[in-house]
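*Asks:* Please find one structure pasted underneath; my questions will follow.
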Amino acid sequence: MKLSQLVGQRLKEAPRDAQTISHIYLIRGGYCRPVSTGLFTLLPLGYKITDKIKAIIREEMNRIGGQEILMPVVLPAELWQESGRYEKVGQELLRFTDRNSKAMILGMTHEEAVVQVARTELTSYKQLPTMLYQIQTKYRDEARPRAGLIRVREFTMKDAYSFHTSQASLEEHYAKEHEAYTRIFKRIGLKRCLSILSDSGMIGGAISHEFMAIADCGEDTIFVSPNGEYKANREIATSRLNYVKEEPKPLQEVETPNCKTIDDLAKFLGIKPEQTCKAVFYKHFDGTLIFACIRGDLEINEAKLKKITQSPEIDFANDALIEDAGAVPGFASILGIKPSDKIRIVLDHSAAESSNLVVGANKKDVHCLNFNFDRDVPAEDKAKIIIDDIATVREGDPCPVTGQPLQMLKGIEVGNIFQLGTKYSEPMGCTYLDADGKAKPMIMGCYGIGVGRAMAAVIEQCHDDHGPVWPITIAPFEVHLIGLNHNQPEVQAACQKLYDDLQAAGVDVIYDDRGEKAGFSFADADLIGAPLRITISPKTLANNQAEFKHREDGKNFQLISLDGIVDFIKQQIQAEFDKYSV
RNA sequence: CGGGGUGUAGCGCAGUUUGGUAGCGCGACUGGUUUGGGACCAGUAGGUCGCGAGUUCAAAUCUCGCCGCCCCGACCA
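For the first sequence, counting from 1, position 260 maps to 259 in numbering that gives the first Met the number 0; every step adds exactly one.
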């Protein structure tokens, strides 16, 4: 490729709306262009990178026995009605009708579609296990796309689905997928990518992992123990907090005028927030009150609370609902509150196990000292109260495995793997005939990778002040050849010859044939980010040489004789690839 | 959906307070001089100032309504 012909201008300044590193460089380098909110056109540079990423994914999927297929982006609503997701999923699912008023959707994931394939094509236990995958467009009508290619509405995804006759078979394959993902993310050049335990969310299933590229702009919060024994998404992360245990002291009411918050209360009484218990009220989607209690210094994790209460949506309760339950907002506790069908009480372990907490007295301007759950709640109520972990982990809290302080990191979710079980096969009649002649539902797994997001994540981890530093495995070009003083015939001739020779040797090379000033050419080369660079000028040509440098090495370079330079470059390329081999 | 911001040439911005018929830098094009970290000179093209209504002799500027986009939050496979 000659740079003079490459479509996609490099920009000196980024548009104001580009904030994150990857977004800025993707726009400045001419990799992609915005079309509308969360919609992008990939220009030649960007498309080439995603193509290389897709090739790596294909190799690894094929290596673990995957067979590639292609399902449609547009799907009939009836397929999604079979699984029940047509109704369950919110507005991210784009619904529309075709010319015959038939209800259709744009596929945001393809469990339903692949189940339709499996239930017609896979009929016998002899055909299982098997894995199908595709690399294809997904559409999700995101509430808030952001950060360039990190969160978009339309994107390319590799989604794979496996089908099994037993949980053991699923687990065996799941482990293979985990290894394949680890290889893929290493090969595309992510320097730090962790697989962490995650919440399986709406896709369902029991066990799932997310692959997180560690980056400050990441949307997910992750907790890890110092040596990696424990890694989890904040949504499900737990910690091993110590609770104060001491002899219960007598309950005692105290006047606490205007102490509506834990901070007010702690300050007024001269105690620490962890000696208090706070009450937070939510409304379950069916209208019942969820009365959640947690030690005063901790925050409630709504993801955990939703799961425990089996409520897909929870909202803060209004004062009227709280007062109906007999509690006084600002001075509330479970003291004297009876759990019922209308009032569900969830207590965090921190509130149930700590001794002598200060709690609300359910009277205006009054709190109660020395609350002890075990002593102060009648046995018949205890049975109806849910005691579970609803706390949000904080940085430095003790790791549940090692007890060491947990570290908090930000991550970009570049891939995920789920054990689905029979969540889709059962309702959709995806069965096979077993050796005993009986129809049984297939046990499924699903496995996704966001291709464009992975590209953006690589930039977040691999860049300097001048642009991306692409790993050679996915770089838009392996070698960037620059001719300086290009109007001089000998420079032009030498460049053209080397360009031809490199291409003949199978090297993916871009040739800056524009004859721009050095600084201009170097700046563009930095934005294009090819890992290897060759510069030819009258100065180097005087000694029959060219300059060679690695993109990451700043301005340092070495002089290489033009004789045998193609072999030298090929060795350098091989050495670069070796860095990412698995 | 809530909070904040913003909309003027392909990109970055000034002009809006105080109304007078649109400007700067980058980029593009032509010619010339240049050539080792985003050169210089001369010239050229490019804008119904987000859209619509209103006030006014006159609106980028004032008023009202709408829309787009960005950030934070909610949501999210």
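All C-beta atoms, glycine included, are put in the ideal place defined by N, C-alpha and C.
(1) Taking a contact to mean a Cβ-Cβ separation below 8 Å, would you say P128 touches K101 in this structure?
(2) Do you know how far the Cα of L297 is from the Cα of T220?
(3) Helix, strand or coil: which one does DSSP assign to G203?
(4) Specify the secondary structure class of T40 as computed by DSSP and reduced to three states.
(5) Could you have a look at E412 and say whether DSSP puts it in helix, strand or coil?
(6) Under three-state DSSP, which class holds P397?
(7) From D562 to K569, what does the alpha carbon distance come to, in whole angstroms?
(8) Can you tell me whether P426 is helix, strand or coil according to DSSP?
(9) Assuming H582 contacts S161 under a Cβ cut-off of 8 Å, what Cβ separation, rounded to an integer in Å, is found between them?
(10) Which residues in the same chain have their Cβ closer than 8 Å to the Cβ of D262, if we skip the five residues on either side of it in sequence?
(11) Can you name the residues that DSSP bridges to S35?
(12) May I ask you to verify whether the stretch 448–455 touches the stretch 403–418, counting CB pairs closer than 8 Å and requiring at least 3?
(13) Please report the distance separating the alpha-carbon of G295 from that of A17.
(14) If contacts are defined as beta-carbon pairs under 8 Å, then I458 and Y24 qualify, I think. What distance do you get, rounded to the angstrom?
(15) Would you call E153 buried or exposed, if buried means 16 or more other Cβ atoms sit within 10 Å of its Cβ?
(16) Just to confirm my understanding: we take K306, look at its own chain, exclude 5 residues before and 5 after, and list those with CB closer than 6 Å. What are they?
(17) In the structure shown, what three-state DSSP assignment does T421 receive?
(18) Taking the Cβ atom as the reference point for each residue, do V581 and R186 lie within a distance shorter than 8 Å?
(19) Hey, I448 and K157: beta-carbon distance below 8 Å or not?
(20) Pairs of beta-carbons, one from the stretch 275–286 and one from the stretch 395–402, closer than 8 Å: are there three or more?
(21) Within the continuous alpha helix (DSSP H) that includes S21, where are the two ends?
(22) Here's a check: name, in chain order, each residue in its chain whose Cβ is nearer than 8 Å to the Cβ of E111, leaving out the five neighbours to either side.
(23) Drop a sphere of 10 angstroms on the beta-carbon of D97, count the other beta-carbons inside from all chains shown, and report buried for 16 or more, exposed for fewer.
(24) Answer with buried or exposed for M201, where buried requires no fewer than 16 other C-beta atoms within 10 angstroms of its C-beta.
(25) Please work out which residues of its chain come closer than 8 Å, Cβ to Cβ, to K244, disregarding the five sequence neighbours upstream and downstream, and give them in chain order.
(26) Restricting to Cα atoms, I'd like to know which of W469, D373, A302, P470 is closest to A390.
(27) What does the Cβ neighbour count give for T19, buried or exposed, with the cut at 16 atoms within 10 Å?
(28) Return the chain-ordered list of same chain residues with a C-beta closer than 7 Å to the C-beta of P247, the five sequence neighbours on each side being excluded.
*Replies:* Let me lay it out:
(1) As a working note, residue 128 is residue 129 in the first sequence. As a working note, residue 101 is residue 102 in the first sequence. No.
(2) Numbered from its first residue, the first sequence carries residue 220 at position 221. Numbered from its first residue, the first sequence carries residue 297 at position 298. Approximately 17 Å between the Cα atoms of the pair.
(3) By one-based count along the first sequence, residue 203 stands at place 204. The predicted position of G203 is uncertain, since its pLDDT is 47 and thus under 50; no value can be drawn from it.
(4) Counted from its first residue, the first sequence places residue 40 at position 41. It is a strand residue.
(5) If you number the first sequence from 1, residue 412 lands on position 413. Here E412 sits in strand by DSSP.
(6) Taking the first sequence and counting its residues from 1, the one referred to as residue 397 is at position 398. Of the three classes helix, strand and coil, the one that applies to P397 here is strand, per DSSP.
(7) For this step, residue 562 is matched to residue 563 along the first sequence. For this step, residue 569 is matched to residue 570 along the first sequence. Rounded to whole angstroms, D562 to K569 spans 13 Å at the Cα level.
(8) Counting from one through the first sequence, the residue named residue 426 turns up at place 427. Reduced to three states, the DSSP call for P426 is coil.
(9) In the structure displayed, the chain extends from 0 to 581; residue 582 sits before or after that span and is not available.
(10) One-based indexing of the first sequence puts residue 262 at position 263. Correct list, in chain order: P272.
(11) Taking the first sequence and counting its residues from 1, the one referred to as residue 35 is at position 36. According to DSSP, S35 bridges with L38.
(12) yes
(13) The count along the first sequence starts at 1 and reaches residue 295 at position 296. The count along the first sequence starts at 1 and reaches residue 17 at position 18. Those two C-alpha atoms are separated by around 39 Å.
(14) Position 459 of the first sequence, counted from the start, is the residue given in the question as residue 458. Position 25 of the first sequence, counted from the start, is the residue given in the question as residue 24. Contact holds; Cβ gap of about 5 Å.
(15) Working through the first sequence from its first residue, we reach residue 153 at position 154. The residue is buried, with at least 16 neighbouring Cβ atoms inside 10 Å.
(16) On the first sequence, position 307 is the one that residue 306 refers to. There are no such residues.
(17) For the purposes of this step, residue 421 is taken as residue 422 along the first sequence, with counting starting at 1. Correct three-state label for T421: coil.
(18) Here residue 581 refers to the residue found at position 582 when the first sequence is read from its first residue. Here residue 186 refers to the residue found at position 187 when the first sequence is read from its first residue. Yes, the pair counts as a contact, with Cβ atoms nearer than the cut-off.
(19) If you number the first sequence from 1, residue 448 lands on position 449. If you number the first sequence from 1, residue 157 lands on position 158. Yes.
(20) no
(21) Here residue 21 refers to the residue found at position 22 of the first sequence. 20–27 is the span of the alpha helix (DSSP H), which, as asked, contains S21.
(22) Here residue 111 refers to the residue found at position 112 when the first sequence is read from its first residue. The answer, listed in chain order, is L74, L78, W79, E81, S82, R84, Y423, M427.
(23) What you label residue 97 is simply residue 98 of the first sequence in a count that begins at 1. Answer is exposed; the Cβ neighbour count stays below 16.
(24) Looking up residue 201 in the first sequence gives position 202. Unreliable positioning characterises M201 in this predicted model, as indicated by a pLDDT of 45, which lies under 50. The coordinate reading is nonetheless provided below. Exposed.
(25) On the first sequence, residue 244 is found 245 positions in, with the first residue counted as 1. Here the set comprises E352, S353, S354.
(26) Here residue 390 is taken as the residue at index 391 of the first sequence, counted from 1. Nearest option by C-alpha distance: A302.
(27) The sequence position of residue 19 within the first sequence is 20, counting from 1. That one is buried.
(28) Taking the first residue of the first sequence as position 1, residue 247 is located at position 248. Result list for P247: S354, N355, N369, N371, R374, in chain order.
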